[in-house]
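Below: the structure, in structure tokens.
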Amino acid sequence: MNVSDKIIDFYYKHKRELIWRNTKDPYIIWISEIMLQQTRVNQANDYFLRFIKRFPTVYKLAEADENEVLNYWQGLGYYTRARNLHFSAKYIVGALKGTFPNTYKELIKLKGVGEYTAAAIASIAFDEKIAAIDGNVYRVLARLFNEYSSINTSQGKKRFKELAGFMIARQNPGDFNQAMMEFGATVCKPVKPDCEICPVANQCEAFKKRTVMELPVKKKSVKIRNRYFQYLVLLKGKSVFVQKRAENDIWKGLYQFPLIETKQNIAPEKFIKSNKFNDLVYSNSQILKISEEIKHRLSHQLLHIRFYKIKLEQFAHAEYYNLIALEELEKYPVPKVIEEYIKNNLF
Ligand code: SF4
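Here is the structure:
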């Protein structure tokens, strides 16, 4: 048996029964692939079930309100994924009259669908012979072929595409792609790969050359940007002011408390004396509590967040914000860090 046959055979015998497997419905595959992009399989399970129950078809998703879609995504992070799903669902129902794109070339035109996802849907749902290369597959390929090209450079990606193309040639493409991903996730793992029980160890170049833990190679990535968020939790009776994030920035479309972003870290004693703070919060207001600094990591940003809980008498800028009752808050999609704050501090 060649290497591809052995990996597929291993997959048939040992595959995990995941709820989105064993279907050729491109809508289901699309949702699961997008959800799994930055989310672990175990965590995605419940979210997936809830999402599919509420939006069982592309039509149901297209006709939903964006706030509701974001609500069903709440907790998964990377909300652009949900907004793109919603946008693309409307595009499929509207411009494509409900016909799901059925080739890699058409699928990749959908907003939020990259090379990997387009290849996964095209191969699993429509049997197109195209390799879907995610982080797991890069690792398996790098080790099998002892390949030192960087997996995050365009030249390196081209090389890995060639290697995967070579392996997929005579296989059922959907099974091959799923087998490779599963193999990377469960056997050829980043740390402590199970080389002793690996069915292709004697064909694995990295295993023979003892270079397994050096691979895959990744070029050093971008710098993390620090940002400093001071949230003003302005309470008026049993209501609180919120606003929708509209700019092209993180958390677009989600709700937050009035925000003052500062260029650097600022001590609370200094912040409450600053003009920015005093422009928004009148002196007859009462500061109830100032939180510790919370560090919240996103892919390329590190947010330093502090919440200022304040009892207001009057608010000069009320027209720019929505005043909503505390018990209504859960209807508004908010970032995870604000959700945690609300849960622990407002009820
Ligand atoms: Fe991966 Fe080890 Fe198998 Fe090579 S021998 S494919 S490194 S698990």
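The opening position of the sequence shown corresponds to residue 3 in my numbering, with each subsequent residue numbered one higher. Every residue gets a Cβ at the ideal spot worked out from N, C-alpha and C, and that includes glycine. Remember, predicted model here, so these are calculated numbers, not experimental data.
Is residue i helix, strand or coil by DSSP?
i, result
"residue 324", "strand"
"residue 315", "coil"
"residue 242", "strand"
"residue 272", "helix"
"residue 119", "helix"
"residue 20", "coil"
"residue 219", "strand"
"residue 152", "strand"
"residue 110", "coil"
"residue 147", "coil"
"residue 88", "helix"
"residue 235", "strand"
"residue 163", "helix"
"residue 185", "helix"
"residue 266", "coil"
"residue 226", "coil"
"residue 308", "strand"
"residue 257", "strand"
"residue 299", "strand"
"residue 180", "helix"
"residue 291", "strand"
Can you tell me the Cβ-Cβ gap for residue i and residue j, rounded? I've got them flagged as a contact below 8 Å.
i, j, result
"residue 53", "residue 21", "Between residue 21 and residue 53 the Cβ distance is about 11 Å, and since that is not below 8 Å, they are no contact."
"residue 182", "residue 242", "That belief does not hold up - the Cβ atoms of residue 182 and residue 242 are roughly 49 Å apart, past 8 Å."
"residue 144", "residue 134", "With 8 Å as the limit, residue 144 and residue 134 do not qualify as a contact, their Cβ atoms being about 16 Å apart."
"residue 317", "residue 238", "7 Å"
"residue 235", "residue 323", "With a Cβ gap of about 12 Å, residue 235 and residue 323 do not count as contacting."
"residue 148", "residue 207", "4 Å"
"residue 257", "residue 307", "Actually they are not in contact, since the Cβ atoms of residue 257 and residue 307 sit about 15 Å apart, beyond 8 Å."
"residue 190", "residue 142", "5 Å"
"residue 123", "residue 35", "7 Å"
Rounded to the nearest angstrom, what separates residue i and residue j at their Cα positions?
i, j, result
"residue 16", "residue 50", "23 Å"
"residue 89", "residue 60", "11 Å"
"residue 79", "residue 48", "15 Å"
"residue 227", "residue 294", "21 Å"
"residue 75", "residue 84", "7 Å"
"residue 69", "residue 334", "7 Å"
"residue 3", "residue 118", "27 Å"
"residue 65", "residue 39", "24 Å"
"residue 185", "residue 319", "56 Å"
"residue 2", "residue 57", "What is shown of the chain runs 3 to 349, which leaves residue 2 out entirely."
"residue 339", "residue 11", "43 Å"
"residue 267", "residue 277", "16 Å"
"residue 192", "residue 43", "16 Å"
"residue 222", "residue 158", "14 Å"
"residue 251", "residue 23", "34 Å"
"residue 349", "residue 337", "18 Å"
"residue 77", "residue 210", "43 Å"
"residue 31", "residue 176", "11 Å"
"residue 245", "residue 87", "23 Å"
"residue 219", "residue 151", "7 Å"
"residue 161", "residue 167", "10 Å"
"residue 154", "residue 136", "11 Å"
"residue 283", "residue 41", "39 Å"
"residue 81", "residue 72", "7 Å"
"residue 37", "residue 91", "15 Å"
"residue 111", "residue 164", "23 Å"
"residue 314", "residue 108", "53 Å"
Just to check, is the beta-carbon of residue i closer than 8 Å to a non-hydrogen atom of the ligand SF4?
i, result
"residue 214", "yes"
"residue 218", "no"
"residue 48", "no"
"residue 146", "yes"
"residue 203", "yes"
"residue 269", "no"
"residue 189", "yes"
"residue 142", "yes"
"residue 209", "yes"
Against chain C, with Cβ distances strictly below 9 Å, would residue i count as a contact?
i, result
"residue 341", "Included in the structure is just one protein chain, with no chain C present."
Compute every distance between the C-beta of residue i and the non-hydrogen atoms of the ligand PLP, then say whether any falls below 8 Å.
i, result
"residue 196", "Although the ligand PLP was asked about, the structure shown includes only the ligand SF4 as ligands."
Worksheet item: Can we say the region 317-329 touches the region 289-304, given the rule of at least three CB pairs closer than 8 Å?
Response: Too few Cβ pairs lie closer than 8 Å, so no.
Worksheet item: Between the region 95-115 and the region 126-139, are three or more C-beta pairs nearer than 8 Å?
Response: Judged by Cβ distances under 8 Å, the region 95-115 makes contact with the region 126-139, as three or more pairs qualify.
Practice prompt. Could you tell me whether the region 278-293 touches the region 207-216, where touching means 3 or more Cβ pairs closer than 8 Å?
Written response: no
Worksheet item: Would you call the region 228-238 and the region 258-278 in contact, with 3 or more CB pairs under 8 Å?
Response: yes
Worksheet item: When the Cβ atoms of the region 6-13 are set against those of the region 165-184, are three or more pairs found closer than 8 Å?
Response: yes
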